[in-house]
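Peer 1: Before we start, here is the structure in question, set down as C-alpha cells.
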Amino acid sequence: MDVLLTPSGGKEHLLLGNEAIVRGALEAGMAFATCYPGTPSSEVPDTLYRLRKQFPDKVKYYFEYSTNEKVALECAAGAAASGVRTLCTMKHVGVNVAADPLMTLAYVGVRAGMVILTADDPSLFSSQNEQDNRYYARLSGLPMLEPTGPAEAKEMTTYCFDLSEELGSPVMIRTTTRVNHAREAVPFVKLGKVKQTSKFVKNPMQFVTVPAVSRNLHLRLLGIYNQAQAISEKSPYNKVVGKGKLGVITSGVATNYVMDAVADLGAKSKIKVLKLGFTYPLPEKKIASFLKGVDKVLVVEELEPILEEAVRALAQEKGIAVEIAGKVAGKVPAKSVDIEPPAFFSRAFEYTPRLVRQTIAKYFGIKHKDTAELNLAGMPTPPGRPPNLCPGCPHRATYFAVKEVAGDETIYPTDIGCYTLGVLPPIKAADFLICMGSSVSSSGGISRATGQKVVSFIGDSTFFHSGITGLANAVHNNHNFTLVILDNGTTAMTGHQPHPGVNTESIGDSTTHIPLEPLIRGLGVQHVTTIKPFKVRSAKKAIEEAIAFEGVSVVISQELCPLFARRVAPLTKRVFQVVEDKCKGHLDCIKKVACPAMFVENGQARINPLQCIGCALCAQICPENAILPVKAEG
Amino acid sequence: MSTQRIVFVGVGGQGNLLASNLLGQAALAAGQHVVVSEIHGMAQRGGVVESAVILGDATSPIVSNAEADVVVCFEPVEALRILNKANKDTLLITNTRPSPPFTVAIGAAAYPKPEDSVAFLRSKLGKVIAFDGQSLAEEAKNPLSLNMVMLGALFGAVELPIDVKTMKKIIRSQTKKRFAASNVQAFDLGFKAAA
Ligand SMILES: Cc1ncc(C[n+]2csc(CCOP(=O)(O)OP(=O)(O)O)c2C)c(N)n1
Ligand code: SF4
Ligand code: SF4
C-alpha cells in the first residue's frame, strides 16, 4: 500500500510538497479533483491519478485530467456548488486560462469546501514567465494561504477545505517551486470521511449570474472579505516569532530563509519576525501592532512587492512612523541575484538563504562574514548541456521533413511542449511563442499582416487545451497557413498525462478517445492529412501539398512518444549502426537531425547502441546508405 | 547540532534524485531533521539535474553559492559547473567517467580532459575525492547503480548523523527488489573507494 493512503495518523513521512498537498486533501475527505498539469504542480494530479488506478477499492474520490484549466475550474465549480469537497490544481499561468470562471466563481461561492492550487515558478525553472499569482487573490477577492514547506502545505490544504466551507467561498493555496519540489517530514493525521455524492439544490439567486443577481453577489463577496479578515487576524498561520526592536515581515518559502538568517546572524534576541501564512486578507491589526513594536522593518517576499505595498499603506493609514524597506523601485538587478551586492531585494527570480542573510545583515547593520566564493578564473570551460529531444523522438522527424520542404524563410509560430526544443539548432523552427495555443491564432495574424509563408506547430495536448478555438477562427476568417499537429499520443513535457486525443485503452483507462482527424474536418478545414513522420519521403510529400494549399491546411503527424510507448509495451525495433566502410564522413545525419544517440569518431558518424531506439530517421538521410540496422544476434 | 549542506549533481538518467530522496528517508529514519530539494525540469531530456539534502537545524530547502559542505558529482564536467556552490573547505566527491553532452558529440564544444578537471578542482578545494564510480557500478553488475556508488562514497568520506545500517535498510526497502542486492553492493564499493 502507498503511505499516502495510511488510514491512521500519528507518524511522520518524508513527502514531496505536492504529495503533502494530496495527503492534506485526503485528510480533509476530498471527493472530487480536477486539473490541467503543469510544472511545478503536476505531481498533485499525477499522484491522485496513480492512487486511483493502483488502489481503486481504497480511493473514494473522482479525479480527472481536464482539457485545460478553465474547464478544470468550471468542472470543479459544478462539483463544489453541488456540495462535495473539491480540489482544482494548476500552474501559475494556468490561472490566466481559468481567470474568467475564477472571477465570477468568487461571486457565487460554493456549498462544500473547494481549494484551488496555484503553483508559481519564480526563476522560471520550467515556465514562460514568473508572474506572481498572489495578485489573483486580490483581483478575485478569494482568500489565499501560502505554505513555507511540505508539512505546512499538508496542514493548510486540510484547513483550507474547512475555511472554504465556513466562508462559502473557494480558497486559494499559492505555492512556489521550492515548496512543491521540496521534501521534508510531514506528520499525518487520520484520513477524512468522504462524502462522495450530493444533490444539486437549485438556487438561481446564488448560481445564475445575471446582472441583478451579481450585484448582490458582489456585496456578498465583500462581506466574505471582512469575515475572512477576522479569521486571518486570529490565524495561527500569522504569527510573531522571536523578540527585538528590528522587524522582518515575510511569507512563503522566504520565511525559511529569514528564520535561518536570524539564527545564523545570532540575532534571535534582536530581530522579531512576523510570519504570514494566511496572506489574503492580510491581518491588518496584527501587522499594525507589529509595526508599532519595532524601529524598522524589512519585508522579505519573492517577486512582486505585494506585502510591502500593503504594509506601507497600512503604516500610512494608521500614522505609524516606522522605516519600511523591501524592494527598491526601478532597480534592475544583475542576472543572478545571488552575486549582486545585497543592497535591495529584486522583483526578479527566487531568493537564496545567502541573499536574504546578507540583506538582513546589511539593513540592520549586523556584522557578519560569509564564506568567500571561489575564484574560478582559469576553470576548464564545461561544455553546454542543453536539453534535447530524446533519441527517436517523432518531433525531430517531423521538424526535419518540414524544414526540408519549407526552409529557413518560412515563419514558424510554435507552442509549448517537448517540441519547443525545436528552437535549438540544427532544427531552428520556432519564431513566435507566448502561451499555450498561441501557435494557431498568431499564425493568422502573421500571415495576414505580412503575406509571408507560415507553418505553425502545436502538440496534441496543447491542441485540445487551446488550439481548437484558434483553428475555428482561422477557418471562419479565411486565414492562410499550415498547422502541423505533433500527435505523439500523450502530454509528454509534463510527465505523460492522458488527454482527449489519447487512446487510453492501452493504458487501462476507460475515458473516451477523440480522434483528431474527424474533429479537424468537422471544424471545416478543407485540407487535412495524417502522416507518419518516420516515413520521411511520404511525409515530405504530404507537407508539400499542405503548404501549397491556399487557405488553412492541417498536417497531423502521428507517432507515439517512445518514452510513453515504452511504458505500455517494450520497444522492439532494431537499433541502427554506421557501416564504417560506407560512411564518407559528410556527417549530414548529425548536422541535420542532432539525435543524441549519435556522435563523431575519427571523422565518421557513430551510433550509441544503448541510446538508439531504431527510429530509422538518420538512415533515411544518409546519402551513402551507410546507416543500417544491427543484425539480430545469433 | 550544526548543519550539513549536501548538493548532488548529475545528468538526466543518472538517478541523483533517487539518491537524495533515499538519503532524506534515511535521515528521517535516524531521527534527524532534514530538508530535500529537487529541480525536476529537464531531467528526462538529457539536461543537468540538481538536488540538495540539508541535515540539521536549517529549514531552507536550497543551498546558496559558496555554502555547500559537500558536493557529490555524478559526472566530472558537472563538478566544474556546480563549483560556485563550493567554498575552499567544501568536500567534493566526483565520478570521473565522462558522460559527454551532445554538444561535444557533434563537435560543437570541447570536453575538458577529466584529469584537467580534477586537477582544477584540487587546486581550488582542500578535499577532493575522484574515482571512476561507473566502473564500480559495473563491478556490482548494475550499470545503473552509479547513484548508489556515489551515496556509498558520501558515507565513506563524511561523518553523517545517519548510520550505514539505516541507509542500507532504506536502499533495500525502497529500490526495486531485483536491484536491491546489487544496489547495496554498489553502495559498499563506493564506500570503500572514498573511505
Ligand atoms: C496554461 C498552461 N498550462 C500548462 C502549462 C504546462 N505545459 C507546458 S507544455 C504542456 C503540454 C505539452 O503537451 P503536448 O502539447 O502534447 O506536447 P508534448 O510535450 O507531448 O510534445 C503543458 C501542460 C503551460 N505552460 N501553460
Ligand atoms: S519525452 Fe517523448 S515527446 Fe518528449 S522529447 Fe522525449 S521522445 Fe520526444
Ligand atoms: S535510428 Fe538514428 S535517429 Fe533514430 S534513434 Fe537511432 S541513431 Fe537516433
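As you go down the protein sequences, you meet chains A and Y in turn. Letter by letter, the first sequence follows residues 0 to 633 of numbering that gives the first Met the number 0. Letter by letter, the second sequence follows residues 0 to 194 of numbering that gives the first Met the number 0. C-beta: ideal position from N, C-alpha, C; glycine also.
Go ahead and label residue 475 (chain A) buried or exposed: buried means 16 or more other beta carbons lie within 10 angstroms of its beta carbon, across all protein chains shown.
Peer 2: With fewer than 16 Cβ atoms within 10 Å of its Cβ, residue 475 (chain A) is classed as exposed.
Peer 1: In the DSSP output, what is residue 634 (chain A) paired with across the bridge?
Peer 2: Past the edges of chain A, shown from 0 to 633, lies residue 634 (chain A), and the structure says nothing about it.
Peer 1: Counting only beta-carbon separations shorter than 8 angstroms, does residue 34 (chain Y) have a partner in chain A?
Peer 2: So yes, residue 34 (chain Y) belongs to the interface.
Peer 1: With three or more beta-carbon pairs closer than 8 angstroms as the criterion, would you say the segment 22 to 29 of chain A touches the segment 16 to 27 of chain Y?
Peer 2: Flag = no, the segment 22 to 29 of chain A and the segment 16 to 27 of chain Y do not touch.
Peer 1: Please tell me whether, using a cut-off of 7 angstroms, the distance from the CB of residue 394 (chain A) to the nearest non-hydrogen atom of ligand 2 is below it.
Peer 2: Result yes, Cβ under 7 angstroms from ligand 2.
Peer 1: Determine contact between the segment 123 to 136 of chain Y and the segment 165 to 179 of chain Y, defined as no fewer than three beta-carbon pairs at a distance below 8 angstroms.
Peer 2: The segment 123 to 136 of chain Y, when compared against the segment 165 to 179 of chain Y, does not touch it at the 8 angstroms Cβ threshold.
Peer 1: Opposite residue 277 (chain A) in the DSSP bridges: which residues?
Peer 2: According to DSSP, residue 277 (chain A) bridges with A:144.
Peer 1: If residue 36 (chain A) sits next to residue 72 (chain A), beta carbons under 8 angstroms apart, how far is it from one beta carbon to the other, in whole angstroms?
Peer 2: Actually they do not touch by this definition, with Cβ atoms about 14 angstroms apart.
Peer 1: Would you mind working out which of A:555, A:14, A:88, A:562 sits nearest residue 170 (chain A), comparing C-alpha positions?
Peer 2: Among A:555, A:14, A:88, A:562, the Cα nearest to that of residue 170 (chain A) is on A:88.
Peer 1: What span of residues does the alpha helix (DSSP H) with residue 449 (chain A) cover, start to end?
Peer 2: Unbroken alpha helix (DSSP H) run through residue 449 (chain A): 437 to 449.
Peer 1: In whole angstroms, what is the alpha-carbon distance linking residue 253 (chain A) and residue 147 (chain A)?
Peer 2: Cα-Cα distance, rounded: 7 angstroms.
Peer 1: Which stretch, first to last residue, makes up the alpha helix (DSSP H) that contains residue 106 (chain A)?
Peer 2: Counting along the chain, the alpha helix (DSSP H) containing residue 106 (chain A) begins and ends at 98 to 107.
Peer 1: Could you tell me if residue 199 (chain A) is buried or exposed, where buried requires 16 or more neighbouring beta carbons within 10 angstroms of its beta carbon?
Peer 2: Answer is exposed; the Cβ neighbour count stays below 16.
Peer 1: At 8 angstroms on the CB atoms, spell out the chain A contacts of residue 83 (chain Y), in chain order.
Peer 2: Within chain A, the residues near residue 83 (chain Y) are 372, 373, 375.
Peer 1: Can residue 487 (chain A) be considered in contact with ligand 2, in the sense that its beta carbon sits closer than 7 angstroms to one or more heavy atoms?
Peer 2: Residue 487 (chain A): yes, Cβ under 7 angstroms from ligand 2.
Peer 1: Against chain Y, with Cβ distances strictly below 8 angstroms, would residue 389 (chain A) count as a contact?
Peer 2: Yes, its Cβ sits closer than 8 angstroms to a Cβ of chain Y.
Peer 1: Does any CB atom of chain Y fall closer than 8 angstroms to the CB of residue 398 (chain A)?
Peer 2: False, the Cβ-Cβ gap to chain Y never drops below 8 angstroms.
Peer 1: Put residue 301 (chain A) into one of helix, strand or coil per three-state DSSP.
Peer 2: Looking at residue 301 (chain A) - three-state DSSP - the assignment turns out to be coil, as it is neither helix nor strand.
Peer 1: Is the segment 177 to 187 of chain A touching the segment 5 to 25 of chain A in the sense that three or more CB pairs, one from each, lie closer than 8 angstroms?
Peer 2: Yes, the segment 5 to 25 of chain A touches the segment 177 to 187 of chain A.
Peer 1: According to the Cβ coordinates, are residue 142 (chain A) and residue 362 (chain A) closer than 8 angstroms?
Peer 2: No, the Cβ-Cβ distance between residue 142 (chain A) and residue 362 (chain A) is not below 8 angstroms.
Peer 1: By Cβ distance below 6 angstroms, which residues in the same chain neighbour residue 156 (chain A) in space, the five residues on each side in sequence not counted?
Peer 2: Correct list, in chain order: 20, 23, 24.
Peer 1: Tell me, please, whether the CB atom of residue 124 (chain A) is closer than 8 angstroms to any CB atom in chain Y?
Peer 2: Output row for residue 124 (chain A): interface = yes.
Peer 1: I'd like the ranges of any beta strand (DSSP E) spanning at least 3 consecutive residues and lying wholly in the segment 217 to 281 of chain A.
Peer 2: Within the segment 217 to 281 of chain A, the complete beta strand (DSSP E) runs of at least 3 residues are 237 to 240, 245 to 250, 270 to 275, 277 to 279.
Peer 1: Is residue 378 (chain A) near ligand 1, going by C-beta to nearest heavy atom under 7 angstroms?
Peer 2: No, Cβ of residue 378 (chain A) sits at least 7 angstroms from all heavy atoms of ligand 1.
Peer 1: Within 10 angstroms of its Cβ, does residue 537 (chain A) collect 16 or more other Cβ (buried), or is it exposed?
Peer 2: So residue 537 (chain A) counts as exposed.
Peer 1: Could you tell me whether the Cβ of residue 598 (chain A) comes closer than 8 angstroms to any Cβ of chain Y?
Peer 2: Yes, because at least one Cβ of chain Y sits closer than 8 angstroms to the Cβ of residue 598 (chain A).
Peer 1: Answer yes or no: the CB of residue 176 (chain Y) versus the heavy atoms of ligand 1, is any distance below 7 angstroms?
Peer 2: No, Cβ of residue 176 (chain Y) sits at least 7 angstroms from all heavy atoms of ligand 1.
Peer 1: Threshold first: 4 residues or longer. Then list the alpha helix (DSSP H) segments lying entirely within the segment 443 to 531 of chain A, N to C.
Peer 2: Fully enclosed alpha helix (DSSP H) runs of 4 or longer: 467 to 475, 515 to 521.
Peer 1: So with CB distances below 7 angstroms, who are the chain Y contacts of residue 256 (chain A)?
Peer 2: Ordered by position in chain Y, the residues that pass the 7 angstroms Cβ test against residue 256 (chain A) are 59.
Peer 1: Which residue's Cα is closest to the Cα of residue 289 (chain A): A:249, A:34, A:277, A:273?
Peer 2: Of the candidates A:249, A:34, A:277, A:273, the one whose C-alpha sits nearest the C-alpha of residue 289 (chain A) is A:273.
Peer 1: For residue 28 (chain A), which of helix, strand or coil comes out of DSSP?
Peer 2: Correct three-state label for residue 28 (chain A): coil.
Peer 1: Of all the options A:592, A:323, A:186, which has the alpha carbon lying nearest to the alpha carbon of residue 604 (chain A)?
Peer 2: Comparing Cα-Cα distances from residue 604 (chain A) to each of A:592, A:323, A:186, the minimum goes to A:592.
Peer 1: Please confirm whether residue 45 (chain Y) and residue 386 (chain A) have their CB atoms less than 8 angstroms apart.
Peer 2: Yes. Within cutoff.
Peer 1: Return yes when at least one heavy atom of ligand 5 lies under 7 angstroms from the C-beta of residue 36 (chain A), else no.
Peer 2: Ligand 5 is absent from the structure shown, which contains only ligand 1, ligand 2 and ligand 3.
Peer 1: Pair every Cβ in the segment 54 to 66 of chain A with every Cβ in the segment 116 to 123 of chain A, then say whether three or more of these pairs are closer than 8 angstroms.
Peer 2: The answer is no - the segment 116 to 123 of chain A does not touch the segment 54 to 66 of chain A, with fewer than three Cβ pairs under 8 angstroms.
Peer 1: Is residue 15 (chain A) near ligand 3, with its Cβ less than 7 angstroms from a heavy atom?
Peer 2: Result no, Cβ not under 7 angstroms from ligand 3.
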